[in-house]
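J.: Can you read through this structure? Questions will come right after.
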Amino acid sequence: MDISVLRRAAAFAAGCLALSASAARADDGVKIGLIVTLSGPSAVLGGQVRDGFQLAVKTLGGKLGGLPAEVIVADDELKPDAAVTKVKGLLQRDNVNFVVGPIFSNVLQAIEKPVTESGVFLISPNAGSSNFAGKSCNPNFFVTSYQNDQVHEVLGKYAQTKGYKTAFVLEPNYQAGKDSLAGFKHDFKGEILEEAFTPLGQLDFSAELAKVATLKPEVFFTFMPGGMGINLVKQWKQAGLSEIPFLSAFTTDESTLPAEKDDAVGDLAGANWAPNMDNPQSKAFVAAYEAAYGFVPGTYAMQAYDAALLIDSAIKGAGGKLADHDALAAALKKADFVSLRGSFKFNNNNYPIQDFYLVKVAKRPDGKYQTEIVEKVFSDFGDDYAKDCQMK
Amino acid sequence: MSTSLFLVQMLNGLQLGVLLFLIAAGLTLVFGVMDFINLAHGVQYMIGAYLAAMFVGWTGNFWIGLALTLPAALMVGLVLERAVFRRLYGREHLDQILATFGLILFLNESVKVIWGAAPLSVPTPDLLSGNVRLVGGVLYPVYRLALIGAGLLVALGLAWLVNGTRVGMLVRAGASDAPMVAALGVDIRQLFARVAGFGAMLAGFAGALVAPIQSVEPGMGDNLLILAFVVIVIGGVGSVRGAFLGALIVGLVDVLGRAFGVPALKLVLSGSVASQAARSLAPMLIYIVMAGVLFWRPSGLFPAKS
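Protein chains in written order, with my numbering: chain A, 34 to 425; chain B, -6 to 299.
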């Protein structure tokens, strides 16, 4: 009898020891769950974020904030339901300390709650939808990219300062396309000759381009991410419309330029950074990224790199204590790191306040294509939704 | 709305039509002759585009690349027929759909493994770059005109092949009554294999032709496959003539709906309502046409089996 009680007590004690041992193991390293789109036509974007983040961890000696870092990569398949399942795995099975992701706003809508409600920080390296910038802002949610509208506003502002009187706007027929049009109109006060909407995934734009040719607008604005943009840019050139300035958002960037090549050269876009950004940290990043992966990094990779630097600075700021949630939150908010884009700080809604530029596609002497900064359009630019956010 | 704009849009519709015809021709023959639903037909279009991108990249010449693509696409078609399709001919349609749908997933991932997820592009051949000025001063890309020409030539060649040769006669006979043709001592399996290979080559040809105007990416054939099925439903299963006219109808209806939907609806509705309605209606138009054809002519406009 006594012996069996003793044995049970011993087993219990051993169990406790084992538990505390595993807890201790989680404490001496930091685990990052990286959830991005790595399958389907948009896999290129997720690849840039994954590579950019891992490059930062490698550059920091495999550590974040002085703690050994383990990065667990998951593919959200661009499906909100799949993303939620993967995120729950990261949170419950892998016990990650931070989740970094996603690429797309619809995935963000699905994973924001599961992550932030479990007390884990969510850092978005790309998606920046308006609801989380305004009323639904959250102290556990940070964005290292931008609020989605801002990039479109850059081009509307540029078209307005240039004094263009007439514009033709072409958008894919879904929420982001409508937001894009609204963003362009934010500062552009000229006449919009036609707001053409095409079904998402349309690959031939001949009918719309024929209309552009007959309406002869002074400027053309579009938002055609991924394969749609590649097709539009090629067909634009082939239709002989090169005389009309081509302004776009997420249509001619480093993810699509390898396919667009010469057809995109000279096209204008809006961005918070470009690979030719003139500061030492950015130059070192571009060189290291190209050496490691063979592609020119785009803003996706840059924002992911900055996300890693942000986490690094926050862990340092909290003295390496991953369990001290409040200290980490305060340190994240400070954004005490040297961003690749130069000036960077968080607004009250945890979205960045940063500069935005007009960028132009150029062919480099080595034959690769990249966007290059033409001029600064907005300085220390915060988004319009921050005023609806209750956080200080 | 000027006449020149109308002309350009007609050309755009024609161009989409001939492209659809190249895909639908193979699909309708395979479906008609073998009673075999091949969902993987759109993937063969994608493979044609990838092969063209690869060969043009290697040789640096569009024409040599195109010449190499055709036999390679034919080979892919024959291999798929031998490895997969052959086992499915006697099975139910549901089995065929499941197996060929699996093939879509498999091949879409395979091209990603081989060529990477990033879209590829093929430059327009020098001979066909540039624009021509049409009446009214509107520019039109030479390459698109060439595409229309190539499609029409293939249509003529196919018409001769189907109506004027012994193989064509067997194909027509197979489309209307396959067991009877087999009973007359024709090696129907051999015929099936040839038709499947040839259909794959036509789809591959369409993919190669479209590579200079569209990006080459995984899954690019999936949308066109649906349109190709609409074409053969409108045209009548198993009929090449039906596929041709069905493809032109779908191409023209789609483009004209996109181009003139807004001005047409503005005649009866107010501005913003008209553009909203046109935006939703334009992509639906071809399906409305298909529903109409199914209602009045359930076996299509030119059915092979009458």
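Built from N, CA and C at the ideal position, the CB exists for glycine as well. Because the structure is a prediction, the values reported are computed rather than measured.
Just the Cα atoms here: how many angstroms apart are L316 (chain B) and A175 (chain B)?
T.: Because residue 316 (chain B) is not part of the residues shown, which for chain B are -6 to 299, the question remains open.
J.: Which residues of chain B have a Cβ atom closer than 7 Å to the Cβ of P74 (chain A), listed in chain order?
T.: Going along chain B in sequence order, the residues near P74 (chain A) (Cβ under 7 Å) are E210, P211, G212.
J.: Note down, in chain order, every chain A residue with its Cβ under 7 Å from the Cβ of Y324 (chain B).
T.: No answer is possible for residue 324 (chain B): it lies beyond the span of chain B, which begins at -6 and ends at 299.
J.: Counting pairs of beta carbons, one from the region 93 to 102 of chain B and one from the region 25 to 37 of chain B, are three or more of them closer than 8 Å?
T.: At 8 Å Cβ cutoff, the stretches touch.
J.: Mind listing which residues of the region 237 to 266 of chain B have their C-beta closer than 7 Å to chain A's C-betas, in chain order?
T.: So the list reads V248, R251, A252, given in the order they occur along the chain.
J.: Between B:Q37, B:L146, B:L294, which lies nearest to L64 (chain B) when the distance is taken from Cα to Cα?
T.: At residue 64 (chain B) the sequence reads Pro, which differs from the Leu that was named. When only C-alpha atoms are compared, the closest one is B:Q37.
J.: Short of 6 Å in beta carbon distance, which residues of its chain neighbour L195 (chain B), apart from the five on each side in sequence? Order them along the chain.
T.: So the list reads L15, A18, G19, once near-sequence residues are dropped.
J.: If you measure from the beta carbon of P330 (chain A) to each beta carbon in chain B, is any gap under 8 Å?
T.: Cβ-Cβ to chain B under 8 Å: no for P330 (chain A).
J.: Contact check, D220 (chain A) vs N181 (chain A) under 8 Å by CB: the rounded distance?
T.: With 8 Å as the limit, D220 (chain A) and N181 (chain A) do not qualify as a contact, their Cβ atoms being about 16 Å apart.
J.: Tell me which residues share the same chain as N309 (chain A) and place their Cβ nearer than 6 Å to its Cβ, disregarding the 5 neighbours each side in the sequence.
T.: Only E405 meet the Cβ criterion.
J.: Go ahead and pull the three-state DSSP assignment for A57 (chain A).
T.: Bear in mind that the predicted position of A57 (chain A) carries a pLDDT of just 39, short of 50, making it unreliable; the figure below should be weighed with that in mind. If DSSP states are grouped into helix, strand and coil, A57 (chain A) belongs with the helices.
J.: Determine which residues share a DSSP beta bridge with T199 (chain A) and list them.
T.: T199 (chain A) pairs with A:E224.
J.: Could you tell me whether the Cβ atoms of P211 (chain B) and V115 (chain B) are closer together than 8 Å?
T.: No, these two residues do not count as a Cβ contact at 8 Å.
J.: Pick helix, strand or coil for S211 (chain B), following the three-state DSSP scheme.
T.: It should be pointed out that residue 211 (chain B) corresponds to Pro in this sequence rather than to Ser. Correct three-state label for P211 (chain B): coil.
J.: What does A139 (chain B) reach in chain A if we use C-beta pairs closer than 9 Å?
T.: By Cβ distance, chain A contributes nothing, its closest Cβ being about 12 Å from A139 (chain B), past 9 Å.
J.: In whole angstroms, what is the alpha-carbon distance linking R58 (chain A) and Y179 (chain A)?
T.: For R58 (chain A), the predicted structure reports a pLDDT of 44, less than 50, and the residue's modelled location is therefore unreliable. The matter cannot be settled from this model.
J.: Hey, quick one: how far does the alpha helix (DSSP H) through N31 (chain B) stretch, first residue to last?
T.: Per DSSP, N31 (chain B) belongs to no alpha helix (DSSP H) and is neither H nor E.
J.: Using a Cβ-Cβ cut-off of 8 Å, state whether V140 (chain A) counts as contacting chain B.
T.: Judged by the 8 Å Cβ criterion, V140 (chain A) is not in contact with chain B.
J.: Applying the 10 Å Cβ sphere with the 16-neighbour rule, what's the burial state of T194 (chain A)?
T.: Classification for T194 (chain A): exposed.
J.: What number of angstroms, rounded off, separates the C-alpha of Q423 (chain A) from the C-alpha of N383 (chain A)?
T.: Roughly 11 Å separates the two Cα atoms.
J.: Report the three-state DSSP secondary structure of T231 (chain A) (helix, strand or coil).
T.: T231 (chain A): strand per DSSP, three-state reduction.
J.: How many angstroms separate the CA atom of A166 (chain B) from the CA atom of I105 (chain A)?
T.: C-alpha separation (whole angstroms): 60 Å.
J.: Is there a Cβ of chain A sitting closer than 8 Å to that of A(-5) (chain B), yes or no?
T.: Going by the sequence as given, residue -5 (chain B) is Ser instead of Ala. Yes, contact with chain A.
J.: Of the choices B:A139, B:L238, B:V266, B:M47, whose alpha-carbon is the least far from that of S122 (chain B)?
T.: Here the closest residue by C-alpha is B:A139.
J.: Can you find at least 3 beta carbon pairs, one from the region 113 to 129 of chain A and one from the region 73 to 85 of chain A, that sit closer than 8 Å?
T.: With a cut-off of 8 Å, the region 73 to 85 of chain A and the region 113 to 129 of chain A do not count as touching, because too few Cβ pairs lie within range.
J.: Near V203 (chain B), which residues of its chain fall below 7 Å by C-beta distance, leaving aside the five closest residues on each side in sequence?
T.: For V203 (chain B), where only same-chain residues beyond five positions count, the Cβ hits under 7 Å are L12, A42.
J.: With which residues is P385 (chain A) paired in a DSSP beta bridge?
T.: Note: P385 (chain A) sits in a beta bridge opposite A:F379.
J.: Chain B partners of D108 (chain A), CB-CB under 7 Å?
T.: Going along chain B, no residue has its Cβ under 7 Å from D108 (chain A), so there is no contact; the nearest lies around 12 Å.
J.: Which value, in whole angstroms, describes the spacing of the CA atoms of S162 (chain A) and K267 (chain A)?
T.: Answer to the nearest angstrom: the Cα atoms are 29 Å apart.
J.: How far does the beta strand (DSSP E) with L67 (chain A) in it reach, from first residue to last?
T.: That run of the beta strand (DSSP E) goes 63 to 69.
J.: Just confirm the distance between the C-beta atoms of K168 (chain A) and D421 (chain A), as a whole number of angstroms; I'd bet it's less than 8 Å.
T.: About 5 Å; that satisfies the 8 Å criterion.
J.: Counting only beta-carbon atoms, is A57 (chain A) nearer than 8 Å to chain B?
T.: Confidence is the limiting factor: at A57 (chain A) the pLDDT is only 39, short of 50, which leaves the residue's position unreliable, though a coordinate-based value still follows. A57 (chain A) does not count as touching chain B.
J.: Since V226 (chain B) and M283 (chain B) should fall inside the 8 Å C-beta cutoff, what is the C-beta to C-beta distance between them, to a whole number of angstroms?
T.: That belief holds up - the Cβ atoms of V226 (chain B) and M283 (chain B) are roughly 6 Å apart, short of 8 Å.
J.: In the region 272 to 314 of chain A, which residue ranges form an unbroken beta strand (DSSP E) of at least 3 residues, counting only runs that do not cross its ends?
T.: Correct list: 279 to 281, 301 to 304.
J.: Can you tell me whether DSSP reads S372 (chain A) as helix, strand or coil?
T.: Of the three classes helix, strand and coil, the one that applies to S372 (chain A) here is strand, per DSSP.
J.: Counting along the chain, where does the beta strand (DSSP E) carrying T149 (chain A) start and finish?
T.: Not the beta strand (DSSP E): T149 (chain A) falls in the alpha helix (DSSP H), residues 138 to 150.
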